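Enquirer:
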Amino acid sequence: MRLNINLLLLSLLCFIILQSCEKLVPDTNSNDFFNIHRENGDIPVLVTGNTASGKICLFIQGGPALTAINLQDTDLYHWNDFEDDFAVAYYDRRGLGNSQGTFDTSQVNLKNEIQDLDAIIRVLHDKYNAEVYLLSHSWGGFTAASYLLGNPQPIAAWIDIDGFIVAPADTLWRYRRDFLQGVALQMLAEGQDTLKWNDALAWVAANPVIATPQQQKEWQAFLGPPGSPTNPPDPGFPPFGQELELVFFSSYNIFPFYVSPKWKIVRDHLLGEVANVDLRPQLYKITLPTLVIYGRYDNNLCPETGKDVFDLLGTPANDKDLLIVPESNHYPMYNNPDVTNPAIRDFILNH
Numbered sequence: 095m096r097l098n099i100n101l102l103l104l105s106l107l108c109f110i111i112l113q114s115c116e117k118l119v120p121d122t123n124s125n126d127f128f129n130i131h132r133e134n135g136d137i138p139v140l141v142t143g144n145t146a147s148g149k150i151c152l153f154i155q156g157g158p159a160l161t162a163i164n165l166q167d168t169d170l171y172h173w174n175d176f177e178d179d180f181a182v183a184y185y186d187r188r189g190l191g192n193s194q195g196t197f198d199t200s201q202v203n204l205k206n207e208i209q210d211l212d213a214i215i216r217v218l219h220d221k222y223n224a225e226v227y228l229l230s231h232s233w234g235g236f237t238a239a240s241y242l243l244g245n246p247q248p249i250a251a252w253i254d255i256d257g258f259i260v261a262p263a264d265t266l267w268r269y270r271r272d273f274l275q276g277v278a279l280q281m282l283a284e285g286q287d288t289l290k291w292n293d294a295l296a297w298v299a300a301n302p303v304i305a306t307p308q309q310q311k312e313w314q315a316f317l318g319p320p321g322s323p324t325n326p327p328d329p330g331f332p333p334f335g336q337e338l339e340l341v342f343f344s345s346y347n348i349f350p351f352y353v354s355p356k357w358k359i360v361r362d363h364l365l366g367e368v369a370n371v372d373l374r375p376q377l378y379k380i381t382l383p384t385l386v387i388y389g390r391y392d393n394n395l396c397p398e399t400g401k402d403v404f405d406l407l408g409t410p411a412n413d414k415d416l417l418i419v420p421e422s423n424h425y426p427m428y429n430n431p432d433v434t435n436p437a438i439r440d441f442i443l444n445h
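See the structure below:
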């Protein structure tokens with residue numbers, strides 16, 4: 095009798111796994127939600143839009159502890175406009191959002207994040223027989239670059255938005271110093287607050303290296319803390335009204351993200367693990383078509399970083415593009431969707 099029960103349980107497990115990988119019929123208006131089974135839990139995936147196009151844009155969220163599936167419901171970035179042309183896939187990384195299973199902090203690491211991403215890409219290839227395009231933002235850029243530097247599944251192209259490619263603090267502050275100089279020169283050229291920005295240029299000249307907390311404080315007197323809005327506002331979380339829509343009119347349950355401390359644990363574990371990692375020396379190995387997008391006024395992951403990332407990629411010159419979005423901070427797809435989103439759409443449709 096015990097043997098029969100074990101066989102029954104094994105059969106049920108095999109059925110569930112097969113169901114998770116069952117091919118779906120491509121559709122011009124898909125809305126497919128499924129879980130991908132991983133060690134210690136499930137990764138939820140939402141695929142919406144035109145899967146019949148043979149193109150799926152897989153979004154890799156930043157944070158590294160923000161949710162993603164809710165973005166489709168709220169349409170915060172206006173990416174639902176893409177869905178006539180190709181499909182967009184969203185997922186919540188392990189331990190966050192609507193991911194399920196045992197939360198084991200020992201499982202929260204970059205290796206597992208990359209393996210989870212690989213599993214998602216494999217399922218998307220298998221279910222839809224589609225090309226996969228990676229669309230990453232902030233920390234998602236670190237995940238995407240790390241994945242592409244390994245042994246990935248075939249990827250059609252990569253769109254990296256304000257990517258977190260350089261982790262060491264001293265290097266980030268070098269870029270931030272150059273960023274302050276660039277902003278000061280631009281503001282002076284526009285005739286804005288000349289006293290302040292002349293002071294900023296004098297400060298930059300007197301501080302060739304930003305190495306102390308006092309210097310960082312002085313830098314912030316011109317631009318605010320890294321990550322704060324320098325020019326237009328950043329969204330943070332979706333507006334409250336859109337979150338209410340999630341609560342009352344969506345199948346997505348936003349509460350686990352807000353009431354659980356897991357997101358802080360995930361953030362601290364992942365950022366702590368890569369604190370001294372700089373991916374720039376390896377970027378020459380990435381040769382696939384790439385669109386690099388940075389907000390002009392991102393004072394944390396500055397556009398000066400994006401220019402270096404673009405130059406260091408091994409992608410042939412005619413297959414990579416750099417877009418600095420003029421009126422944007424860390425969220426170009428929120429601050430300037432009219433500039434950012436057509437560039438993303440055109441890049442995907444042309445590759």
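Following my numbering, the numbering of the sequence shown begins with 95 at its first residue and continues without gaps. By construction, the Cβ of each residue, glycine as well, lies at the ideal position given by its N, Cα and C atoms. Quick caveat: nothing in here was measured; it's all calculated off a predicted structure.
Quick check: ILE150 and VAL141, are their CB atoms within less than 8 Å of each other?
Expert: Against the sequence shown, residue 150 aligns to sequence position 56. Against the sequence shown, residue 141 aligns to sequence position 47. The criterion of a C-beta distance shorter than 8 Å is satisfied by ILE150 and VAL141.
Enquirer: Rounded to whole angstroms, what is the Cα-Cα separation between LYS401 and ASN123?
Expert: Here residue 401 refers to the residue found at position 307 of the sequence shown. Here residue 123 refers to the residue found at position 29 of the sequence shown. If you take the alpha carbons of LYS401 and ASN123, they lie about 37 Å apart.
Enquirer: Starting from ILE380 and walking both ways along the alpha helix (DSSP H), at which residues does that stretch end?
Expert: Along the sequence shown, one-based indexing puts residue 380 at 286. Premise fails: ILE380 is in no alpha helix (DSSP H) and is neither H nor E.
Enquirer: Would you kindly work out how many angstroms separate the C-alpha atoms of LEU407 and LEU211, rounded to a whole number?
Expert: Here the question's residue 407 lines up with position 313 in the sequence shown. Here the question's residue 211 lines up with position 117 in the sequence shown. Cα-Cα distance, rounded: 21 Å.
Enquirer: By the 10 Å Cβ neighbour count, where 16 or more other Cβ atoms means buried, how is SER322 classified, buried or exposed?
Expert: Position 228 of the sequence shown, counted from the start, is the residue given in the question as residue 322. Classification of SER322: exposed, given that the 10 Å Cβ count is below 16.
Enquirer: Using DSSP with H/G/I as helix, E/B as strand and the rest coil, what is ALA305?
Expert: Taking the first residue of the sequence shown as 1, we reach residue 305 at position 211. Coil at ALA305, not helix or strand.
Enquirer: Using a Cβ-Cβ cut-off of 6 Å (strictly less than) and excluding sequence neighbours within five positions of LEU242, which residues of its own chain qualify?
Expert: Residue 242 sits at position 148 when you count from the first residue of the sequence shown. Within the same chain, LEU242 has close Cβ partners ILE380.
Enquirer: Can you tell which of ASP167, GLY276, GLN247 and GLY135 has its C-alpha closest to the C-alpha of GLY143?
Expert: The residue you call residue 143 lines up with position 49 of the sequence shown. Of the candidates ASP167, GLY276, GLN247 and GLY135, the one whose C-alpha sits nearest the C-alpha of GLY143 is ASP167.
Enquirer: What is the DSSP secondary structure of LEU447, counted as helix, strand or coil?
Expert: Because the chain here runs from 95 to 445, residue 447 falls outside it and cannot be looked at.
Enquirer: Under 7 Å Cβ to Cβ from HIS445, same chain only, skipping five residues before and after it: list those, please.
Expert: As a working note, residue 445 is residue 351 in the sequence shown. Counting only Cβ-Cβ distances below 7 Å, and skipping sequence neighbours, we find ALA250, ALA251 and PRO383.
Enquirer: Below 8 Å on the Cβ atoms is my guess for TYR391 versus ASN423; work out the distance and round it to an integer in Å.
Expert: Looking up residue 391 in the sequence shown gives position 297. Looking up residue 423 in the sequence shown gives position 329. Right, the Cβ-Cβ distance comes to about 5 Å (below 8 Å), so this counts as a contact.
Enquirer: Is TYR185 near ILE214, with beta carbons less than 8 Å apart?
Expert: As a first step, residue 185 is located in the sequence shown; it is residue number 91 there, counting from the start. As a first step, residue 214 is located in the sequence shown; it is residue number 120 there, counting from the start. Going by C-beta atoms, TYR185 is nearer than 8 Å to ILE214.
Enquirer: For LEU165, does the count of other Cβ atoms within 10 angstroms reach 16, so buried, or fall short, so exposed?
Expert: By one-based count along the sequence shown, residue 165 stands at place 71. Answer is buried; the Cβ neighbour count reaches 16.
Enquirer: If you check the beta carbons only, do TYR222 and THR145 fall under 8 Å apart?
Expert: If you number the sequence shown from 1, residue 222 lands on position 128. If you number the sequence shown from 1, residue 145 lands on position 51. Contact flag set, yes.
Enquirer: Drop a sphere of 10 angstroms on the beta-carbon of GLY330, count the other beta-carbons inside from all chains shown, and report buried for 16 or more, exposed for fewer.
Expert: Within the sequence shown, residue 330 is the residue found at index 236, counting from 1. In this prediction, GLY330 scores a pLDDT of 48, lower than 50, which makes its location untrustworthy; the coordinate-derived value is nonetheless stated afterwards. That one is exposed.
Enquirer: Between LEU373 and chain C, is any beta-carbon pair separated by less than 8 Å?
Expert: Considering every chain present, this structure includes no chain C. It has just one protein chain.
Enquirer: Hey, how far is the Cα of TYR269 from the Cα of GLN280?
Expert: Taking the sequence shown and counting its residues from 1, one reaches residue 269 at position 175. Taking the sequence shown and counting its residues from 1, one reaches residue 280 at position 186. Distance between the alpha carbons of TYR269 and GLN280: 16 Å.
Enquirer: Just tell me which of THR306, GLN376, GLY285 and VAL139 has its CA closest to the CA of THR161.
Expert: By one-based count along the sequence shown, residue 161 stands at place 67. Of the candidates THR306, GLN376, GLY285 and VAL139, the one whose C-alpha sits nearest the C-alpha of THR161 is VAL139.
Enquirer: Expressed to the nearest angstrom, what Euclidean distance is found between the alpha-carbon atoms of ASP293 and LEU282?
Expert: Indexing the sequence shown from 1 puts residue 293 at position 199. Indexing the sequence shown from 1 puts residue 282 at position 188. When rounded, the distance between both Cα atoms is 11 Å.
Enquirer: Going by CA-CA distance only, name the one from LEU417, ASP179, ASP198 and ARG132 that's closest to HIS363.
Expert: Locating residue 363 in the sequence shown gives position 269, where the first residue counts as 1. Per the C-alpha coordinates, the member of LEU417, ASP179, ASP198 and ARG132 positioned closest to HIS363 is ASP198.
Enquirer: Give the DSSP-derived three-state secondary structure of PHE258 in the structure shown.
Expert: Numbered from its first residue, the sequence shown carries residue 258 at position 164. PHE258 falls in the coil class under three-state DSSP.
Enquirer: Taking the alpha carbon of TRP233 as the point to measure from, which residue in GLN247, LEU204, GLU225 and PRO248 has its own alpha carbon closest?
Expert: For the purposes of this step, residue 233 is identified with residue 139 of the sequence shown, where counting begins at 1. Comparing Cα positions, the closest option is LEU204.
Enquirer: Flag this pair as yes or no: are the beta carbons of LEU395 and ASP256 separated by less than 8 Å?
Expert: If you number the sequence shown from 1, residue 395 lands on position 301. If you number the sequence shown from 1, residue 256 lands on position 162. Cβ atoms of LEU395 and ASP256: closer than 8 Å.
Enquirer: Would PRO320 and ASN370 be called neighbours here (beta carbons separated by less than 8 Å)?
Expert: Mapped onto the sequence shown, residue 320 falls at position 226. Mapped onto the sequence shown, residue 370 falls at position 276. No; because the gap between Cβ atoms is not below 8 Å, this pair is not in contact.
Enquirer: Is the CB-CB distance between ARG374 and ILE259 below 8 Å?
Expert: Within the sequence shown, residue 374 is the residue found at index 280, counting from 1. Within the sequence shown, residue 259 is the residue found at index 165, counting from 1. In contact: ARG374 and ILE259 (Cβ atoms closer than 8 Å).
Enquirer: Taking the alpha-carbon positions, what's the LEU266 to LEU317 distance?
Expert: Numbered from 1 along the sequence shown, position 172 holds the residue referred to as residue 266. Numbered from 1 along the sequence shown, position 223 holds the residue referred to as residue 317. For LEU266 and LEU317, the distance between alpha carbons rounds to 15 Å.
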